[in-house]
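Undergrad:
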Amino acid sequence: MKKRFITNVKIFFEGAILSYRALFRWLRPATYIASKILAPLTMMIFFVFIGAYASGNNDASFYVIGNALIFAASSGIFGVTMSIGGERWSGTLPYLFGSPANRMAIFVGRAFMHILDGMLGVFIGLGWGILLFGLDLSQTHLTPLLITILITTFSTAGLGLLMGCVGLITRNVMLVNNTVYFMMLLFSGANISLESLPKWMQVISNYIPLTRGITSTRLIVAGAGINEILPLLLEEFLIGIMFALVGFFLFSTFEKQAKKLGTLEIF
Amino acid sequence: MFMNAVEISNLKRQFKTTIGVIKRQTKEVIAVDGISFNIQAGELFGLLGPNGAGKTTTIKMLTTLLIPSSGTATIMGLDVVKDAEKIRPRIGFIFGGERGLYWRLSGLDNLRYFATLYYVDSNVAKKKIPELIELVGLKGREKEKVEGYSRGMRQRLHIARALLHDPEVLFLDEPTMGLDPVGAREMRMTIRDLQSAKKTILLTTHYMFEADALCERIAVINKGKIVALNTPEKLKTTVRDLSVVEIEIFGIPPEFLEKVRNLEYVDGVAVETRDQRQILLVHTPKGPSAISDIVEVLNGLRLGKIVTREPTLEDAYVRLVGGQM
Amino acid sequence: MKKIKDTLRIIGMSFEIELRQNLTDGFVLFGIVIQPLIVAFMALWMLKDKGPDYAIFIVVGSAMTGLWTTLLFNGGNSIRGERWAGTLEPLVGAPSSLRIVVFGKVLANVTQSLLSMIGCYTFISLIMGYPLTLSRPIFFLISILLTVFAFVSFGVIIASLFILIPDFQRLQNTLEFPVYILCGFLFPIALLPGWTTPISYILSPYWAARALHGSARGMLEINHIFISWVLLIIFSAIYIVGSGALYRLVLKRARVDATLNTTG
Chain W
1 MKKRFITNVK IFFEGAILSY RALFRWLRPA TYIASKILAP LTMMIFFVFI
51 GAYASGNNDA SFYVIGNALI FAASSGIFGV TMSIGGERWS GTLPYLFGSP
101 ANRMAIFVGR AFMHILDGML GVFIGLGWGI LLFGLDLSQT HLTPLLITIL
151 ITTFSTAGLG LLMGCVGLIT RNVMLVNNTV YFMMLLFSGA NISLESLPKW
201 MQVISNYIPL TRGITSTRLI VAGAGINEIL PLLLEEFLIG IMFALVGFFL
251 FSTFEKQAKK LGTLEIF
Chain U
268 MFMNAVEISN LKRQFKTTIG VIKRQTKEVI AVDGISFNIQ AGELFGLLGP
318 NGAGKTTTIK MLTTLLIPSS GTATIMGLDV VKDAEKIRPR IGFIFGGERG
368 LYWRLSGLDN LRYFATLYYV DSNVAKKKIP ELIELVGLKG REKEKVEGYS
418 RGMRQRLHIA RALLHDPEVL FLDEPTMGLD PVGAREMRMT IRDLQSAKKT
468 ILLTTHYMFE ADALCERIAV INKGKIVALN TPEKLKTTVR DLSVVEIEIF
518 GIPPEFLEKV RNLEYVDGVA VETRDQRQIL LVHTPKGPSA ISDIVEVLNG
568 LRLGKIVTRE PTLEDAYVRL VGGQM
Chain H
593 MKKIKDTLRI IGMSFEIELR QNLTDGFVLF GIVIQPLIVA FMALWMLKDK
643 GPDYAIFIVV GSAMTGLWTT LLFNGGNSIR GERWAGTLEP LVGAPSSLRI
693 VVFGKVLANV TQSLLSMIGC YTFISLIMGY PLTLSRPIFF LISILLTVFA
743 FVSFGVIIAS LFILIPDFQR LQNTLEFPVY ILCGFLFPIA LLPGWTTPIS
793 YILSPYWAAR ALHGSARGML EINHIFISWV LLIIFSAIYI VGSGALYRLV
843 LKRARVDATL NTTG
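Residue numbers (the numbering used here), protein chains in the order written: chain W, 1 to 267; chain U, 268 to 592; chain H, 593 to 856.
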């Protein structure tokens, strides 16, 4: 029992390191800076200005927070999805099926790096907000903020896990990824306040990750304490778990199908 | 008309590769290290060498796709760097293989596209394309997408494309690679026909018998340098004094190989896989009389058939590139 | 005369090939249809308080974001795709000028993306029930044609960067929003700091956006529309003419650095 646990922990870290290396192998510092620091900033600027044009006021914090947290979604969706979906393209999927290692450990290990990466993205986003748009964090309690960011990146990683498994059977992973990402933009309340969305859209917003994370962060920046946001965070966490579980379930189903049909051609 | 269709003088090409992520180190790899040779107009010239010797890099420089690091090359008197645009309409090239074709398009559309890019007059193209399709044996399949073609069909489509604009000089990089024996033989016949049509052809290959059969002259290239340049006959004479003892073996540990190599009159050894069999090749001037010594050295190993034969171009090649196969 | 005919033939052929390649690619759908729609929807909601006659502004603006995204991603990926498929070398080795081939490709992508503008128009007017009347239809039509010219010429320049830098694709994301911002697609550049204005002025899509918004919503006087057209044409022409020298440089560099192929 103890031995299995240790094995799983080892697998977890190996998955994490592998993800880390894969993440950085392709990146030169310049590219990393461009995509991690500059690109998200340009998106933030875009929406902040639209917001300013729309409302005529200068309070950018609504959009800054929304977009900063969207960066978490970016790591979750693109990072995690590709690291799983990427298995298909590098042809290593069969090996994953065949290994006796606990799949949870592998996947969670992979997701771990992207969660850290996602958190970094949020901090960078908030940093830009302070630097360029006068984001005021004076009322913010740091601990609730950190917890919120952690849980939000975790739950988007859960979505990423699910998307990754979907990506294993779709022909066009990037199409799915980008659509989901933009859907998140639309439904999560990042740039549009939830109250102003039509009712049917609000329903969807309630079932996806990120929504509560964004709401919580806005509350925290306005001065709320941990007690007010705890219920939201709990729900956010549960949603993340739910998506991850569906992802595992999907993966096992694919695996069973593949073994039954004796083929990985569906992939 | 130029006497030399292709003139190469001290051509060099280096590549930079980087290692590492944070602290990047650059390494310089010399792919072509000062080669010189000339090809006469209408000649079928072979560039022979193992993988990684620099054949493809040389062809890419001659076809204006790479700029040499130093040295010069001219095609029909035109410099490959300065006059690249004048050269391109007059040469054809194939690198073959899976890449270089539009998979989602049909063979016919691939040809139509490149005919346009090579400024082939549309009336001429209307006639030429079906002719070429027939010539390379793709008739009836030209409307199918290239992604459904076999390896051999793709290779043949490459050839058709290279001939669309009736070039004077052709560069064929491993044209029979991946073809089945029948397809390869047909390809070689096509190449001979092209030569009869007075085209200058530079062919690269690592199939020795192919170079022997087709080429009027062969340059052997290894590690970026030309190690021999002559007609096939004369190249064979460099090994004329040698016989080759072929011993069928069933696995040979390296120390035994060394022992044979260290025998006094042994020029070189190589191990070859032929069909399912493993053959030890020993180059020695002593001929059959060396057999007993060799067998003694291989004491303990299981041996099969033993034969002595005349050297082929392949043996000359092995010797020239240092006995590594 | 023959040269012009040949050039047109090449553009036509390259256009056709690119179109057909795109039709089999799902990701293209995203840039052409899905993303502009989502952006349109978001912008619509965010700008709701400005009133229903802003709808046309949003349609036009988000269609232009679609145009640019298509150009950047599909156009760029197209070049990258050629490199990976090994077809970039045969293209360079052929006598025809690569930049003319690229022109045809970019033209195909821009034309396809125009479909998105029409798609947005129809979708929004049908489903949202917003009035989408064009204030100056004829000017709008001419502006569309000129917009194609502006985007294509801009695209030819951008495409050269993809040839020059093999992993430029990594920087794609960084260029996406700045063009939306600097060209005033969905908000006037007056909101931006003054030092960015000169940059906006040298981008031909900015003048295209001005002309389109101006004639769609009637925000501009007619002579201002004319000025936008003229400046659009001038800058686009500069791009086209300049691309000749640019491509010569880029291709020379590519042949020295061996970046025409993935294996060098």
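In this text, a Cβ means the ideal position worked out from N, Cα and C, and glycines have one as well.
#1: What residue range does the alpha helix (DSSP H) around U:Glu581 cover?
#2: Once DSSP output is grouped into helix, strand and coil, what is the label at H:Thr616?
#3: Which bits of chain W does H:Leu639 rub up against, with CB to CB less than 8 angstroms?
#4: How would you list, in chain order, the residues of chain U whose beta-carbon sits under 7 angstroms from the beta-carbon of H:Met634?
#5: Residues of chain H with a CB under 7 angstroms from the CB of U:Thr598: which are they?
#6: In chain H, which residues lie with their C-beta within 8 angstroms of the C-beta of U:Tyr386?
#7: Identify the contact partners of H:Arg847 in chain U, using a Cβ-Cβ distance below 7 angstroms as the criterion.
#8: Mapping DSSP to helix, strand and coil, what is H:Leu690?
#9: Does the distance from the C-beta atom of U:Val494 to that of U:Val549 stay below 8 angstroms?
#10: Closest Cβ-Cβ distance between H:Ile671 and chain U: below 8 angstroms?
#11: Buried or exposed for H:Phe607, please, with buried defined as at least 16 other CB atoms from any protein chain shown within 10 angstroms of its CB.
#12: How many angstroms separate the CA atom of U:Ala583 from the CA atom of U:Arg544?
#13: Output the boundary residues of the beta strand (DSSP E) element that contains W:Gln202.
#14: Determine, for H:Ala850, whether the minimum Cβ-Cβ distance to residues of chain U falls below 8 angstroms.
#15: For chain H, find out if any of its Cβ atoms is closer than 8 angstroms to the Cβ of U:Phe304; answer yes or no.
#16: Would the region 432-446 of chain U and the region 346-362 of chain U be scored as touching if the rule is three or more Cβ pairs under 8 angstroms?
#17: Within a Cβ cutoff of 7 angstroms, which residues of the same chain sit near U:Gln591, ignoring the five residues on either side of it in sequence?
#18: For H:Arg847 versus U:Leu332, is the C-beta distance shorter than 8 angstroms?
#19: In three-state DSSP terms, what is H:Arg845?
#20: Between W:Met163 and chain H, is any beta-carbon pair separated by less than 8 angstroms?
#21: Counting Cβ pairs closer than 8 angstroms, one from the region 565-583 of chain U and one from the region 508-528 of chain U, do we hit at least three?
#22: Give the DSSP-derived three-state secondary structure of U:Lys465 in the structure shown.
#23: Chain U beta carbons: is any one of them nearer than 8 angstroms to that of H:Pro758?
#24: Relative to the C-alpha of H:Val740, which residue among H:Pro770, H:Phe777 and H:Ala700 is closest?
#25: In the structure shown, what three-state DSSP assignment does H:Gln859 receive?
#26: Using a beta-carbon distance below 8 angstroms, is U:Pro356 in contact with chain H?
#27: Return the CA-CA distance between W:Val180 and H:Trp787, expressed in angstroms with no decimal places.
#28: On the premise that H:Leu629 lies in contact with H:Phe743, defined as a C-beta separation below 8 angstroms, what is that separation, rounded to the nearest angstrom?
#29: Can the beta-carbon of H:Ile831 be found less than 8 angstroms from the beta-carbon of H:Val702?
#30: Which stretch, first to last residue, makes up the alpha helix (DSSP H) that contains U:Asn390?
#31: Interface residues of chain W around H:Ile626 at Cβ under 9 angstroms?
#32: Report the residue ranges of all alpha helix (DSSP H) runs contained in full by the region 154-192 of chain W; include only those spanning at least 4 residues, in chain order.
#33: Give the straight-line distance between the Cα atoms of H:Trp587 and W:Glu255, rounded to the nearest whole angstrom.
#34: Quick one: residues in its chain with C-beta nearer than 8 angstroms to the C-beta of W:Ile266, no 5 flanking neighbours on either side, listed in chain order?
#35: Determine, using beta-carbon pairs with one atom in the region 53-72 of chain W and one in the region 180-197 of chain W, whether at least three such pairs fall under 8 angstroms.
TA: Once the coordinates are examined:
#1: By one-based count along the second sequence, residue 581 of chain U stands at place 314. Segment Leu580 to Leu587, the alpha helix (DSSP H) holding U:Glu581.
#2: Residue 616 of chain H sits at position 24 when you count from the first residue of the third sequence. Note: H:Thr616 maps to coil in three-state DSSP.
#3: By 1-based counting over the third sequence, the position of residue 639 of chain H is 47. Taking a Cβ-Cβ cut-off of 8 angstroms, the neighbours of H:Leu639 in chain W comprise Ile50, Tyr53 and Ala54, given in sequence order.
#4: For the purposes of this step, residue 634 of chain H is taken as the residue at position 42 of the third sequence. Those do not exist, as H:Met634 stays about 33 angstroms from chain U at its closest Cβ, beyond 7 angstroms.
#5: The question about residue 598 of chain U has no answer, for chain U in this structure spans 268 to 592.
#6: To locate residue 386 of chain U, count along the second sequence from 1; it is residue 119. Within 8 angstroms of the CB of U:Tyr386, the CB atoms of chain H belong to Asp598, Pro687 and Ser688, in sequence order along the chain.
#7: In the third sequence, counting from the first residue as 1, residue 847 of chain H sits at position 255. Neighbours of H:Arg847 on chain U, chain order: Leu332, Leu333 and Ile334.
#8: Sequence index remark: in the third sequence, residue 690 of chain H carries index 98 (1-based). Helix, per DSSP.
#9: Start at 1 with the first residue of the second sequence, and residue 494 of chain U comes out as number 227. Start at 1 with the first residue of the second sequence, and residue 549 of chain U comes out as number 282. Not a contact, by the Cβ cut-off of 8 angstroms.
#10: If you number the third sequence from 1, residue 671 of chain H lands on position 79. The beta carbon of H:Ile671 sits no closer than 8 angstroms to any beta carbon of chain U.
#11: In the third sequence, counting from the first residue as 1, residue 607 of chain H sits at position 15. Classification for H:Phe607: buried.
#12: The residue labelled residue 583 of chain U in the question sits at position 316 within the second sequence. The residue labelled residue 544 of chain U in the question sits at position 277 within the second sequence. Here the alpha carbon of U:Ala583 sits roughly 22 angstroms from the alpha carbon of U:Arg544.
#13: Numbered from 1 along the first sequence, position 202 holds the residue referred to as residue 202 of chain W. Here W:Gln202 belongs to no beta strand (DSSP E); instead the alpha helix (DSSP H) covers Lys199 to Tyr207.
#14: Along the third sequence, read from residue 1 onward, the residue named residue 850 of chain H stands at position 258. At a cut-off of 8 angstroms between beta-carbon atoms, H:Ala850 makes contact with chain U.
#15: Reading the second sequence from its first residue, position 37 is the one you call residue 304 of chain U. No - not a single Cβ of chain H is within 8 angstroms of the one on U:Phe304.
#16: With a cut-off of 8 angstroms, the region 346-362 of chain U and the region 432-446 of chain U count as touching, because enough Cβ pairs lie within range.
#17: Residue numbering aside, residue 591 of chain U sits at position 324 when the second sequence is read from its first letter. Confidence at U:Gln591 is low in this model, with a pLDDT of 42, below 50, so the placement of that residue is unreliable and no value is reported for it.
#18: Numbered from 1 along the third sequence, position 255 holds the residue referred to as residue 847 of chain H. Numbered from 1 along the second sequence, position 65 holds the residue referred to as residue 332 of chain U. A Cβ-Cβ contact shorter than 8 angstroms links H:Arg847 with U:Leu332.
#19: In the third sequence, residue 845 of chain H corresponds to position 253, counting from 1. For H:Arg845, the secondary structure class from DSSP, reduced to helix, strand or coil, is helix.
#20: As a first step, residue 163 of chain W is located in the first sequence; it is residue number 163 there, counting from the start. Between W:Met163 and chain H, the shortest Cβ-Cβ separation is not below 8 angstroms.
#21: Result yes; three or more Cβ-Cβ pairs closer than 8 angstroms.
#22: As a working note, residue 465 of chain U is residue 198 in the second sequence. Three-state DSSP puts U:Lys465 in coil, outside helix and strand.
#23: For the purposes of this step, residue 758 of chain H is identified with residue 166 of the third sequence, where counting begins at 1. Chain U has no Cβ within less than 8 angstroms of the Cβ of H:Pro758.
#24: Start at 1 with the first residue of the third sequence, and residue 740 of chain H comes out as number 148. Scanning H:Pro770, H:Phe777 and H:Ala700 for the CA closest to the CA of H:Val740 turns up H:Ala700.
#25: Here chain H comprises residues numbered 593 to 856, so residue 859 of chain H is not present and cannot be evaluated.
#26: As a position in the second sequence, residue 356 of chain U is number 89, starting the count at 1. Nearest CB-CB separation between U:Pro356 and chain H: below the 8 angstroms threshold.
#27: Mapped onto the first sequence, residue 180 of chain W falls at position 180. Mapped onto the third sequence, residue 787 of chain H falls at position 195. Here the alpha carbon of W:Val180 sits roughly 36 angstroms from the alpha carbon of H:Trp787.
#28: Locating residue 743 of chain H in the third sequence gives position 151, counting from the first residue. Locating residue 629 of chain H in the third sequence gives position 37, counting from the first residue. Contact between H:Phe743 and H:Leu629 does not hold, since the beta-carbon distance rounds to 19 angstroms and is not under 8 angstroms.
#29: Taking the third sequence and counting its residues from 1, one reaches residue 831 of chain H at position 239. Taking the third sequence and counting its residues from 1, one reaches residue 702 of chain H at position 110. Position check: residue 831 of chain H holds Tyr in this sequence, whereas Ile was assumed. Going by C-beta atoms, H:Tyr831 is not nearer than 8 angstroms to H:Val702.
#30: Along the second sequence, one-based indexing puts residue 390 of chain U at 123. That run of the alpha helix (DSSP H) goes Ser389 to Leu402.
#31: Position 34 of the third sequence, counted from the start, is the residue given in the question as residue 626 of chain H. Near H:Ile626 (Cβ distances below 9 angstroms), the residues of chain W are Leu175, Asn178, Thr179 and Phe182.
#32: 173-187, all fully within the region 154-192 of chain W.
#33: Chain H is shown only over 593 to 856; residue 587 of chain H falls outside these bounds and no answer can be derived.
#34: Position 266 of the first sequence, counting from 1, holds the residue named residue 266 of chain W. Only weak support exists for where W:Ile266 lies, its pLDDT of 48 falling under 50; the coordinates are left without a value.
#35: Judged by Cβ distances under 8 angstroms, the region 53-72 of chain W makes contact with the region 180-197 of chain W, as three or more pairs qualify.
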